[in-house]
Each structure stands twice: as C-alpha cells, then as structure tokens.
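Asker: When the letters of the sequence shown are read in order and numbered with our numbering, they come out as residues 173 to 463.
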Amino acid sequence: MYLKIDEFNHLDDIPDYYNFQKPYLIRGGCRSMKIFNREDKMQFFLQHLQDTKLDTEIYNTMTQMEQSKIVENKQISFSESFEHNIRNKKPYHFVAEVNLKEPRYNISSKFLSNFHLDMDNKRDNPHILMFFGNNSRSATHIHVTDDYVFNQIYGSKTVYMFDYNDNKFSANFNPGGVFSDRSNFIEVDLFSIDHSNLKIYKVEMNEGDSLTIPPWWWHAVKGKDLTLTLTKTYPRSNYWYALTKPYLMIILIYQCIMMIIDDILDFVDDLLDFFNSIFKVIQSIVFNRLM
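Laid out in structure tokens, this is it:
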C-alpha cells in the first residue's frame, strides 16, 4: 500500500546535496554526531537543559496533537517536561520546533557541538529544532522554504509523506489558507483516514537515521513512546520550485511582504527612539538655561 523512498548510506551521497529535489532516507546518517558517543543520551540532555525554559505545546488529547490543535503554549523547564513525558502524564507535553540556537535560550555552543553534521561545513545551518515527547504527533504540513534534515536521536518515528501534487484531489486535502497561522497545514487528519487509495510514502526512522525533506513535500510524523528528534534547516540557493506550485508562491510573496513591513516598523521605531533622545537632550538644555 505504501511507497518507499530511496535510501543512502551517507548524507554526502545524495545527488541533490545543495537543493533537495526529493526526500531520501539515510540509514545511520547522523551517527557521526558526538551525541551518539554518550552512554545515556537522554540524561545528557537533561543534565544540560535542566532549568532551561523551552516553548512547550500542551494538549489534552492525542487527537488534538494529531491535528496540531494546541490548547496552550507555555514556557516550561526541560526537567519538568522530561519528568512529564517519562511518566506519559496528561495533559501531554510536546517540546516542538524549539530552535536550540535561539539566543534567548542561552544554550552553550559546546553543547550544540554535539549535534554537528558534515553538511554544516558546506551549508549554512541557522536552526537546530528539537522535538521531544511521548507518542508525539505532528500534523500534515510542509515547510515552504529551506531544506530540512530530520535526525532521529532517541527512539523511533514513522513519517508519512507525499509530494505537493500527490493526493491534491482527495477530500479535505486543502491547506489552511495563506493568511492563516496554519497556512502550511492541511485540514485532514492523516492518522485517522484510510491510506489505501492515496499515494503515500512511509518511512520508518530509527535512532541514528536521517531524512531529507524538500520544502514542498507534505509530511506527518508519529512517534513511538519516548522520542527526541533534532531537525536541521538549510537555506536553499534557489526557489524555482515555487513557480510550478502556485500556493507556495503566494505564501512566499506574502512572507516577503510581511518581512518588509516588519523591517519598516523596526526602522520607524528606531527613528522615533532617535528623535525622542534628541528631544530629551534639547529639553534638558532648555531646562538648565531657565534655571
């Protein structure tokens, strides 16, 4: 029923190294990371991230998680989420898409060096995204921009994937809308429907495996028991793929416009701060002269 993606033994062997054109499974692809030299990988994370408060998604039911319908998003210490997930307590905690490189988390470069890949020497890697949970689910989505490499650090996951144009005429396989906060998600719950008449690739990921994902490939992810995945992002050198994928083109244009607006607003704020500081200096001078 399921299709199988191509497999390679080394990440360097894939034919589209700098701009992914299709997904590939690399067995043992991330075992060169220093983290795999650690006797207890989960304790290593707990030791270094114990008091670090990370953005954590809260769900009351597994169905909510399968559809990415977040009940609450809170900053919770990793030690608390770790204890919660070890015991598989409710409500469910899912540390999802947390960029460990983000300055506000103040995570040391020495710790991050445990997750280095050879690809990092050849391509810019702005994000190391952590996904940590127990029987976690990620609803069907695409990334729109950038190449992604999933690296399975602990436990195993199943990834269901299909190309941008596959299954497009199936019921409810519609995106959330360009202006929605779910613009890169589809409405259907892929975990609860029959796959027999769909074109879907099924990937079983074990510890040490890597999976490459181009920006336009839809995918949903299902964890088995306790899992931790580190996903690395790599900007592409071209975005020509969007020309044949109208919905992605619209999202890209919208994102560019919003970035420009944000830059303009930041500039205006800086300008106002500048004039405000000048006004205070003038006010101080005038006040001193009057005195």
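Even for Gly, the Cβ is constructed at its ideal location relative to N, Cα and C.
1. Leaving out five residues on either side along the sequence, give the residues of the same chain with a beta carbon under 7 Å from the beta carbon of Asn410.
2. For chain D, check one thing: does any of its Cβ atoms lie closer than 7 Å to the Cβ of Phe250?
3. Quick test of your reading: Met214 and Ser368, contact by CB under 8 Å. State the CB separation rounded to the nearest angstrom.
4. Buried or exposed: where does Lys329 fall if 16 or more other Cβ atoms within 10 Å of its Cβ makes it buried?
5. Tyr190 by DSSP, collapsed to three states: which one?
6. Write down every uninterrupted run of the alpha helix (DSSP H) in the segment 265-343 whose length is 4 residues or greater and which is fully enclosed by it, in chain order.
7. Is the CB-CB distance between Leu197 and Val375 below 7 Å?
8. In this structure, what does DSSP give as the bridge partners for Val440?
9. For Glu238, count neighbouring Cβ atoms within 10 angstroms of its own Cβ and tell me buried if that reaches 16, exposed if not.
10. If you run the structure through DSSP and keep just helix, strand and coil, what is His256?
11. Let me check understanding here. Comparing Cα to Cα, which of Phe303, Val453 and His391 lies closest to Thr399?
12. Looking at the secondary structure, which residues open and close the beta strand (DSSP E) in which Gln247 lies?
13. Return the residue from the list Val243, Ile279, Asn378 and Ile325 that minimises the CA-CA distance to Phe250.
14. Work out the CA separation of Gly200 and Phe208 for me, nearest whole Å.
15. Hey, could you find the ends of the alpha helix (DSSP H) Met214 is sitting in?
16. Indicate the three-state DSSP secondary structure (helix, strand or coil) for Glu376 in the structure shown.
17. For Thr235, report the span of its alpha helix (DSSP H) as first-last.
Answerer: Let's see:
1. Asn191
2. Here there is only one protein chain, and chain D is not present.
3. 37 Å between Cβ atoms; not a contact.
4. In summary, Lys329 is buried, with 16 or more beta-carbon neighbours lying within 10 Å of its beta-carbon over all protein chains present.
5. coil
6. For the segment 265-343, the full-length alpha helix (DSSP H) segments reaching 4 residues or more read 281-284 along the chain.
7. yes
8. Bridge partners of Val440 according to DSSP: none are assigned.
9. buried
10. helix
11. Phe303
12. Glu244 to Ser249
13. Ile279
14. 11 Å
15. Lys213 to Leu221
16. strand
17. Here the alpha helix (DSSP H) through Thr235 covers Met234 to Glu238.
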